[in-house]
Each structure stands twice: as C-alpha cells, then as structure tokens.
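Notes follow once the structure below has been shown.
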Amino acid sequence: MQPQAVIPPKRSSQKRRLFGWLLTIALLSVVFWQRLNIIDWWLLRGYEPPVEVVALATDTTMTNQARKLFYINRPEVQEKAAFYQSCEDGETSVVLGCYKPPRGIFLLQVSDQRLAGIEEVTAAHEMLHAAYDRLSDKERQRIGTLVRLAYKGLEGTPVGEKIALYEEAGADTTNELHSILGTEVANLPAELEAHYAKYFTKRAAVVAFSDQYQAVFTARKQRVADLDKQLEDIEKQVADNNASLLSQEATIKAESARLDVLLRNDQIGEYNQGVAAYNQSLVPYRSLLNQTRSLIAQYKTILDERNAVALEVQALGRALDSSIQTSVEER
C-alpha cells in the first residue's frame, strides 16, 4: 500500500491581504521618514557642482550635510545684472546673495580682490537659510530662542545694524540671525556652537573671512574719521590765527598811519623812534601769517587724502551693491 501524500493547507486569502497591507504600510513609512533624503537624491542625481561652488563649500569647511543642502540648491555665482534678476524683490536687505526656494541659491560675483572672502561668507549665509528651512518646528523654536538670546548683547554692533535693516524690510529676523550669527560672530553659547557644528567643521574659518572683508571697510572708515579730526583741528587753528592776524593787522595799520602823519609833519625824530618798534611788530605778524599759510596747504593735502579714501569706500560699496550705505561722503 502506497503512502498518501500530505497536502499542506492553503493560506487564506485574508492573511495574504493583511500581510500585503502591512508590507505596504511599512514601505510607505520608510518613504515618509526618508522623504527628504529621497528628494535630495533625486535633486542631486547627475549634478556636478561647478568648480567655484565646490571651492566655496570647501573653503567654508561645510560638512557633508551642509554640502548637500548647498548643492541641492544649485548655487550660482552671478554678475550683477543676472544677480538682480535672480534676487531682486524690492527688499533693500538683498545685497550679496539670496536663497529662493525652489529656484536655488544665488550669489553676487565680487571680483575686487580687496573684498576677498565676501563670497565665502555669503555662500555660508545662504546655506544656513536652507538649513533653517529644514529644521522641525520644535527645533526651529529652540534655535530661535538661542539666537535671540545671543543677539541681546549685539544691538549696538554691525550685526545689530544689519538686523535693523532686515526689520525695516519686514524680513524674518530670526532666520536672518541664524545665518548672521553663524557666519559673522566668533563667540557663541555652547548650544549654538553645537548646532552650527552640524554645518561647519571649522566655523572660525567662516568668521575669519567675514572679519577679513569687514576690516577693509573698517580701516578706511577709521582713516576718514582720523583725517576728519585733523581737518577739524586745522580749521580751528586757522580760525584762531586769522582772528589774531586781523587784530595785529589793525594795530599795525594804525601805527603805520601814525608814522605817516609824523613824517608829513616833519617830526623826524619821533618818526625814527616809531619805525623801529613798527618793524619789530611785523616779525610776529609775518611769522603767524606764514604758519597759517602752511596750515592751509597742509589742510588741502589732508583733504585730498580724505576724499580719496572716501571715494575708495564708495567704490568698494558699489562693487558689492548700490544699496549699501557707506556713511562716508566726499567733502
């Protein structure tokens, strides 16, 4: 007698459907939680960042996470005309770069070597805008509190002046603070430093770029201020000298008139006595007059230097953007 084959029981179609639903839900969950990575992969597929863009990421010590945020926005370094088309939206705060999702990141090309470092700072600044966009609501609230607390001691600094401009333009100042503090302020609380460490391996390098180009303006503005003080001192000295010269001149003219009368009246003895004193009075007058003329010549030389430096500051400002207020004008 042959043994009968054992026929396994069939799984019910209900169990198969349940398994299928569970698998689908699991896959959808993975897709949901990894959606940003999937989107980033899609955006970066086949993308080869230009050499200048790679250099900006490298020079600012961007981490892999930061590079990805930077590259998915396809950064472009543009000449002024193209930059304005990309960034201009009526906000005076748009000067050196902009983050315009979903179009990307746009940076103003600055070829003046005196302003080396400004493109690097701008690139890092705009990347941090992209990073801020990626924060969860809870994390954004936490970071917002931290940057506002860090800002409290900076109101009277150049950072404070920048934030005031953003406030006037109606911009999101917390977002701007997140980018500005991360790229321009050296010493930050430990929690913020830990946050920025996600994006820069050496944030101090970015701040150094900022200090480097800011120093170009600071040194020249300080030179203008120093020269203005010298001009002010000379103006006061010349005014005092002129007052003294006028007084001496009146005395000399009066004495000259008296001597003329003596000479016409043939009072030769008295005239001769007065001539010696008269000639002696001319010595300090002529000395002060020569000193005043020398001061005036010195004033003109300093004024020429002052105006040359002021024009240089204005030219540097125009190299960045026509909306930058240099606060130094030609006299």
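Numbered according to the numbering used here, the sequence shown spans residues 764 to 1094.
Just so it is clear, CB atoms sit at the ideal spot from N, CA and C, and this is done for glycine as well.
DSSP three-state assignment for residue i, whether helix, strand or coil
{"i": "Ala953", "result": "helix"}
{"i": "Leu871", "result": "strand"}
{"i": "Gln1030", "result": "coil"}
{"i": "Gly933", "result": "coil"}
{"i": "Lys863", "result": "strand"}
{"i": "Val858", "result": "coil"}
{"i": "Val948", "result": "coil"}
{"i": "Glu839", "result": "strand"}
{"i": "Gly880", "result": "coil"}
{"i": "Leu898", "result": "coil"}
{"i": "Glu708", "result": "As displayed, the chain neither begins before 764 nor continues past 1094, which places residue 708 out of reach and without an answer."}
{"i": "Gly907", "result": "helix"}
{"i": "Pro813", "result": "coil"}
{"i": "Glu851", "result": "coil"}
{"i": "Arg830", "result": "helix"}
{"i": "Arg808", "result": "coil"}
{"i": "Trp796", "result": "Its pLDDT being 45, under 50, Trp796 is placed unreliably by the model, and nothing is read from it."}
Contact check, residue i vs residue j, beta carbons under 8 angstroms
{"i": "Thr823", "j": "Ala886", "result": "yes"}
{"i": "Val922", "j": "Arg983", "result": "no"}
{"i": "Leu1083", "j": "Arg877", "result": "no"}
{"i": "Asn938", "j": "His892", "result": "yes"}
{"i": "Glu1018", "j": "Ser1044", "result": "yes"}
{"i": "Gln1066", "j": "Val1001", "result": "According to the sequence displayed, residue 1066 carries Leu and not Gln. Not a contact, by the Cβ cut-off of 8 angstroms."}
{"i": "Arg830", "j": "Ala820", "result": "yes"}
{"i": "Tyr862", "j": "Glu882", "result": "no"}
{"i": "Val979", "j": "Thr946", "result": "no"}
{"i": "Gly860", "j": "Phe869", "result": "yes"}
{"i": "Lys925", "j": "Ile943", "result": "yes"}
{"i": "Tyr1095", "j": "Gln1011", "result": "Outside the shown range of the chain (764 to 1094) lies residue 1095, about which nothing can therefore be said."}
{"i": "Val840", "j": "Glu811", "result": "no"}
{"i": "Met825", "j": "Tyr962", "result": "yes"}
{"i": "Ala949", "j": "Ala932", "result": "no"}
{"i": "Leu955", "j": "Tyr914", "result": "no"}
{"i": "Val884", "j": "Val987", "result": "no"}
{"i": "Gln1036", "j": "Asn1004", "result": "no"}
Residue(s) in a DSSP beta bridge with residue i
{"i": "Met825", "result": "Phe963"}
Residue i to residue j span [Cα, whole Å]
{"i": "Ala1006", "j": "Gln1061", "result": "19 angstroms"}
{"i": "Leu1074", "j": "Asp991", "result": "14 angstroms"}
{"i": "Glu995", "j": "Thr1064", "result": "14 angstroms"}
{"i": "His958", "j": "Asn1070", "result": "45 angstroms"}
{"i": "Arg1021", "j": "Leu1009", "result": "18 angstroms"}
{"i": "Asp875", "j": "Arg1081", "result": "11 angstroms"}
{"i": "Glu851", "j": "Thr936", "result": "19 angstroms"}
{"i": "Arg897", "j": "Asp803", "result": "12 angstroms"}
{"i": "Thr927", "j": "Glu918", "result": "The sequence given here has Ala at residue 927, not Thr. Those two C-alpha atoms are separated by around 9 angstroms."}
{"i": "Glu1033", "j": "Lys1016", "result": "18 angstroms"}
{"i": "Asn836", "j": "Gly916", "result": "33 angstroms"}
{"i": "Gln872", "j": "Glu842", "result": "5 angstroms"}
{"i": "Gln904", "j": "Val910", "result": "10 angstroms"}
{"i": "Phe972", "j": "Lys965", "result": "12 angstroms"}
{"i": "Gly867", "j": "Val817", "result": "16 angstroms"}
{"i": "Pro813", "j": "Ala960", "result": "25 angstroms"}
{"i": "Ala1013", "j": "Ile1031", "result": "24 angstroms"}
{"i": "Gln993", "j": "Arg1056", "result": "16 angstroms"}
{"i": "Leu951", "j": "Leu1052", "result": "58 angstroms"}
{"i": "Asp989", "j": "Ala953", "result": "38 angstroms"}
{"i": "Leu1025", "j": "Val1038", "result": "11 angstroms"}
{"i": "Thr908", "j": "Gln848", "result": "34 angstroms"}
{"i": "Tyr976", "j": "Ser1050", "result": "47 angstroms"}
{"i": "Lys901", "j": "Leu832", "result": "20 angstroms"}
{"i": "Asp974", "j": "Thr920", "result": "13 angstroms"}
{"i": "Glu998", "j": "Thr981", "result": "25 angstroms"}
{"i": "Val858", "j": "Phe846", "result": "10 angstroms"}
beta-carbon residue i near the ligand FAD non-hydrogen atom, thresh 7 angstroms
{"i": "Lys901", "result": "Absent from the structure shown: the ligand FAD. Ligands present: none."}
Could you tell me which uninterrupted alpha helix (DSSP H) segments, each at least 4 residues in length, are contained entirely in the segment 970-1021, listed from first to last along the chain? Whole alpha helix (DSSP H) segments, 4+ residues: zero.
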